[in-house]
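Counting along the sequence shown from 1, when you hit position 185 you're at 185 in the numbering used here, and nothing is skipped either side.
We put the beta carbon where it would ideally sit given N, CA and C, even for glycine.
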Amino acid sequence: MEQAEVHNYLRRYFYAAGAELLHTRPPNLEVQLNKTLDLELMNRPFYWHYLEKTGGEPKPLKMNLSTDMHSETNEKIHFGSPRLHQIFSSAVEKGAVTRLYEQTYQKNQTPLYPWLGLNMRISYTCHRRRDDIRSFGVQLISGETIDHFMKRLSPLPLVPAIPDYTFTMANLIKPLSAVQRIKKYLLDDIRSQKHTWADEATKRMNADLQLLDRFYEAREEEDTDYDSEKEAIQHQYQPTIQLTFINGGLFYLSKERGTLF
Numbered sequence: 001m002e003q004a005e006v007h008n009y010l011r012r013y014f015y016a017a018g019a020e021l022l023h024t025r026p027p028n029l030e031v032q033l034n035k036t037l038d039l040e041l042m043n044r045p046f047y048w049h050y051l052e053k054t055g056g057e058p059k060p061l062k063m064n065l066s067t068d069m070h071s072e073t074n075e076k077i078h079f080g081s082p083r084l085h086q087i088f089s090s091a092v093e094k095g096a097v098t099r100l101y102e103q104t105y106q107k108n109q110t111p112l113y114p115w116l117g118l119n120m121r122i123s124y125t126c127h128r129r130r131d132d133i134r135s136f137g138v139q140l141i142s143g144e145t146i147d148h149f150m151k152r153l154s155p156l157p158l159v160p161a162i163p164d165y166t167f168t169m170a171n172l173i174k175p176l177s178a179v180q181r182i183k184k185y186l187l188d189d190i191r192s193q194k195h196t197w198a199d200e201a202t203k204r205m206n207a208d209l210q211l212l213d214r215f216y217e218a219r220e221e222e223d224t225d226y227d228s229e230k231e232a233i234q235h236q237y238q239p240t241i242q243l244t245f246i247n248g249g250l251f252y253l254s255k256e257r258g259t260l261f
């Protein structure tokens, strides 16, 4: 996940969650949290408990983030950072499904085309773990599927209510069918990759299993720990790839094709 995509994801998350975006120019993001986000993200249970008992006026905190790893003033955030994973978890708990419309500022009737956008996490796991974030969009009339969807959305002004002088085109593809298209697109892409990490993990697993066998073959008495140790080695090294939905939504855009934005 590129830092520009991280920044764009954060901006969309806080906007959808009702926070006030004070500064959004990359690489920095300054956000005035609301009460709900402060409770979820800032770990201040005693503060909120005190206000509840005393009836005081709540003052949610501001959050200053930066996708610049050299920033000395703001909290540095990147894929793999605890804060970003905390926000991922928050998005999943909220359901994280939104509906947004492109603000076109046109004075004549303008069609808006339906796109389904999904952010997915791909976890490559063995004795180590690597997570990638992928963002996809499916045009719900033509079926066109594009990668880096959130990055493409970044420069577009999106609003929660349909703008004046616009109308939405009816989709021909159901959102659930679009989800299956994205899943197939992603699985085909994963299958086309070279998974040397999995080959190396399998070799290490087999080597440790052979060592385990030799160790127990040298013991005369029967040992009941063999099966549990074998299972532990397999659990440690067995390569797996897991797909996790993070968030998504319907986006009504003035651009009919992905090549136009």
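| task | Starting from Tyr252, follow the beta strand (DSSP E) in both directions and report where the run begins and ends. | result | Counted from its first residue, the sequence shown places residue 252 at position 252. Per DSSP, Tyr252 belongs to the beta strand (DSSP E) from 240–253.
| said: Can you tell me where the alpha helix (DSSP H) holding Asp68 begins and where it ends? | reply: If you number the sequence shown from 1, residue 68 lands on position 68. Segment: none, Asp68 is in no alpha helix (DSSP H) and carries neither H nor E.
| said: I need the straight-line Cα distance from Tyr185 to Gln106, nearest angstrom please. | reply: Within the sequence shown, numbered from 1, the residue matching residue 185 stands at position 185. Within the sequence shown, numbered from 1, the residue matching residue 106 stands at position 106. Their Cα atoms are separated by approximately 35 Å.
| field | Rounded distance between the beta-carbons of Ile182 and Phe215, thought under 8 Å | value | The count along the sequence shown starts at 1 and reaches residue 215 at position 215. The count along the sequence shown starts at 1 and reaches residue 182 at position 182. Not a contact, Cβ separation roughly 47 Å.
| request: Determine the DSSP secondary structure at His235, reduced to helix, strand or coil. | output: Counting from one through the sequence shown, the residue named residue 235 turns up at place 235. Helix at His235.
| What is the DSSP secondary structure of Met120, counted as helix, strand or coil? | For this step, residue 120 is matched to residue 120 along the sequence shown. Reduced to three states, the DSSP call for Met120 is strand.
| query | Should Thr67 go down as buried or exposed, given a rule of 16 or more other Cβ atoms within 10 Å for buried? | reply | If you number the sequence shown from 1, residue 67 lands on position 67. Buried, by the Cβ-count rule.
| Three-state secondary structure (DSSP) at Phe88? | Start at 1 with the first residue of the sequence shown, and residue 88 comes out as number 88. Of the three classes helix, strand and coil, the one that applies to Phe88 here is helix, per DSSP.
| Helix, strand or coil for Ser135 per DSSP? | Within the sequence shown, numbered from 1, the residue matching residue 135 stands at position 135. The answer is strand: DSSP assigns Ser135 an E or B state.
| field | For Gln32, three-class secondary structure by DSSP | value | Along the sequence shown, one-based indexing puts residue 32 at 32. Correct three-state label for Gln32: strand.
| query | Helix, strand or coil: how does DSSP classify Lys62 here? | reply | In the sequence shown, the residue the question calls residue 62 occupies position 62. It is a strand residue.
| field | As assigned by DSSP and simplified to three states, the class of Arg129 | value | Residue numbering aside, residue 129 sits at position 129 when the sequence shown is read from its first letter. In this structure, Arg129 counts as strand in the three-state DSSP scheme.
| message | Leu10 and Leu61 - do their beta-carbons sit closer together than 8 Å? | response | Indexing the sequence shown from 1 puts residue 61 at position 61. Indexing the sequence shown from 1 puts residue 10 at position 10. Their beta carbons are not under 8 Å apart, which means Leu61 does not touch Leu10 by this criterion.
| query | Nearest to Arg121 by alpha carbon, out of Phe79, Thr244, Ala19, Leu158? | reply | In the sequence shown, counting from the first residue as 1, residue 121 sits at position 121. Taking only the C-alpha atoms, the option nearest Arg121 is Thr244.
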